[in-house]
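First up is the structure itself, then whatever we jot down about it.
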Amino acid sequence: MSPRRRAAAVGAALCLAYLAGALVSGSLGPTWRRPILDGLVPPPMYRWVAPPPALASTNQHPSTGRSTIQLDPAKGSAATVFSTRDFQASLALGQGAIAPHGQDTKVQLTMTPLAPKADAIVPAGIQIAGNVVEVTATYEPSGASVGDLRTRGELGLVYPLLFQGVGFEDTMLRSTDERSWAAIPSDDAIAQQSVHAAVGRLSLFAVGQSPVGPTAPPSPSATRSGSIVVAVLAAIALLGAVWFLRRRSPPPPPRSPRRTVDPWED
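Residue numbers (the working numbering): 166 to 431.
What follows is the structure, given as structure tokens:
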């Protein structure tokens with residue numbers, strides 16, 4: 166087999182081995198899923214408004230974010246994606262998400278981290294994880310508050326882990342008075358420790374976290390079995406690729422028979 170075909174066979178085998186490894190590692194459990202080549206970088210330390218006593222000495226205060234959005238008198242606000250400097254809160258708004266308002270020419274958007282209230286009422290089994298974030302917007306120069314958004318924005322909040330060694334679920338919570346909280350539809354990005362939700366009105370938001378049971382790491386025998394499966398699948402893929410390419414390779418041209426010379430021939 167030519168070097169070019171040999172390289173193609175090895176490349177195909179490696180691709181199949183990568184897919185097989187991803188399939189096996191994914192079946193071991195959500196906390197054991199890791200990219201084979203890149204790995205995961207742990208998120209930075211969470212910044213608390215009111216940190217737990219054990220973290221008070223190393224805690225850094227979270228950032229308050231402010232952004233000015235231009236306002237068109239006919240189309241409304243310009244599209245924008247805004248994050249606090251520590252990236253613990255972010256908001257994406259599409260074109261015209263904030264309606265025009267009289268002679269106002271811009272909107273002041275503010276995201277302020279707050280400590281949760283001690284008497285906060287949250288859904289059963291849920292705790293507020295981290296800070297409360299108050300998201301407000303005011304028209305300028307009038308100073309009027311922005312009401313409902315014309316199109317939903319995408320809000321993202323980073324959260325700390327309250328429950329170590331157990332599985333957990335995260336959801337976005339919303340409140341209008343910092344006391345009564347309700348869950349809203351959201352998506353949890355576990356690798357980034359952040360929750361994202363489509364919001365139609367700017368208000369108070371927080372991440373709610375609840376334990377769902379123990380998540381023990383797989384036993385050594387299960388890990389070893391997974392490694393064996395990956396090795397076997399990789400070997401099968403390599404042999405299959407080589408067999409396929411050898412079968413498709415054209416046979417070598419037949420050699421012409423060599424003519425022997427009779428020394429007694431005239």
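Here a beta-carbon is modelled for each residue, glycine too, at the ideal position from N, C-alpha and C.
Would you mind sorting Ser242 into buried or exposed? The rule is 16 or more other CB atoms within 10 Å of its CB.
Buried, by the Cβ-count rule.
Tell me which residue opens and which closes the beta strand (DSSP E) that Trp230 is part of.
It is Gly, not Trp, that sits at residue 230 in the sequence shown. 230-237 is the span of the beta strand (DSSP E), which, as asked, contains Gly230.
Ala239 versus Ala264: straight-line alpha-carbon distance, rounded
Going from the Cα of Ala239 to the Cα of Ala264 covers about 9 Å.
Near Leu225, which residues of its chain fall below 7 Å by C-beta distance, leaving aside the five closest residues on each side in sequence?
Reading off the sequence shown, one finds Gln at residue 225, where the question assumed Leu. For Gln225, the CB contacts under 7 Å within the same chain, skipping 5 residues up- and downstream, are Arg212 in chain order.
Going by beta carbon distance, what residues of the same chain come within less than 6 Å of Pro216, once the five residues before and after it are set aside?
Counting only Cβ-Cβ distances below 6 Å, and skipping sequence neighbours, we find Asn224.
Classification of Pro281 by the beta-carbon crowding that lies within 10 angstroms, buried from 16 upward:
It is buried - the Cβ of Pro281 has at least 16 other Cβ atoms within 10 Å.
Through-space distance from Ala362 to Gly321, alpha-carbon basis:
Roughly 7 Å separates the two Cα atoms.
What span of residues does the beta strand (DSSP E) with His361 cover, start to end?
Where His361 is concerned, the enclosing beta strand (DSSP E) starts and stops at 359-366.
Residue interval of the beta strand (DSSP E) (run including Asp313)
Segment 313-323, the beta strand (DSSP E) holding Asp313.
Are Gln253 and Val323 touching if we call contact CB-CB under 7 Å?
Using a Cβ distance threshold of 7 Å, Gln253 and Val323 count as a contacting pair.
Residue environment, Val246, which counts as buried when at least 16 other CB atoms sit within 10 Å
Under the 10 Å beta carbon count, Val246 is surrounded by fewer than 16 other beta carbons and is classified as exposed.
Please report the distance separating the alpha-carbon of Arg231 from that of Gln273.
The C-alpha of Gln273 is placed about 7 Å away from the C-alpha of Arg231.
Can you grab the Cα-Cα spacing for the pair Gly346 / Tyr304, in whole Å?
At residue 346 the sequence reads Trp, which differs from the Gly that was named. One C-alpha to the other measures close to 27 Å.
Count the other CB atoms, across all protein chains shown, that sit within 10 Å of the CB of Gln289; report buried if there are 16 or more and exposed otherwise.
A quick correction: the sequence has Ala, not Gln, at residue 289. Result: exposed.
Could you give the residue range of the beta strand (DSSP E) that holds Thr277?
Judged by DSSP secondary structure, Thr277 falls within the beta strand (DSSP E) whose first and last residues are 271-279.
Buried or exposed for Ala219, going by 16 or more other Cβ atoms inside 10 Å?
It counts as exposed.
According to DSSP, simplified to helix, strand and coil, what is Pro376?
In the structure shown, Pro376 sits in a strand (DSSP, three-state: E or B).
To the nearest angstrom, report how far apart Ala309 and Pro227 are at their CA atoms.
Going from the Cα of Ala309 to the Cα of Pro227 covers about 27 Å.
Checking 7 Å against the spacing of the C-beta atoms, do Ala294 and Pro325 come in under that value?
The Cβ atoms of Ala294 and Pro325 lie closer than 7 Å to each other.
Coil, strand or helix - Leu220 by DSSP
Three-state DSSP puts Leu220 in a helix.
Straight-line CA distance for Phe333 to Pro209?
Rounded to whole angstroms, Phe333 to Pro209 spans 20 Å at the Cα level.
Starting from the Cα of Ala356, find the closest Cα among Asp335, Ser375, Gly373, Lys271 and give me that residue.
The shortest C-alpha separation from Ala356 is found at Asp335.
Other residues of its chain near Ser255: CB distance less than 6 Å, five sequence neighbours each side excluded:
Same-chain partners within the cutoff: Ser248, Gly321.
How many Å lie between Val214 and Arg250 at the Cα?
Each residue's alpha carbon lies about 15 Å from the other.
Outcome for Ala302 when other beta-carbon atoms lying within 10 angstroms are tallied against a minimum of 16
Sixteen is the threshold: when 16 or more other Cβ atoms of the shown chains lie within 10 Å of the Cβ of Ala302, as they do, the residue is buried.
Looking only at DSSP bridge pairs, what is Asp251 linked to?
DSSP, once it has assigned bridges, lists no residue as partnering Asp251.
Under 7 Å between C-beta atoms of Arg315 and Gly365
No, the Cβ-Cβ distance between Arg315 and Gly365 is not below 7 Å.
Between which two residues does the beta strand (DSSP E) harbouring Ala354 extend?
In the DSSP assignment, Ala354 falls within the beta strand (DSSP E) that extends over 352-354.
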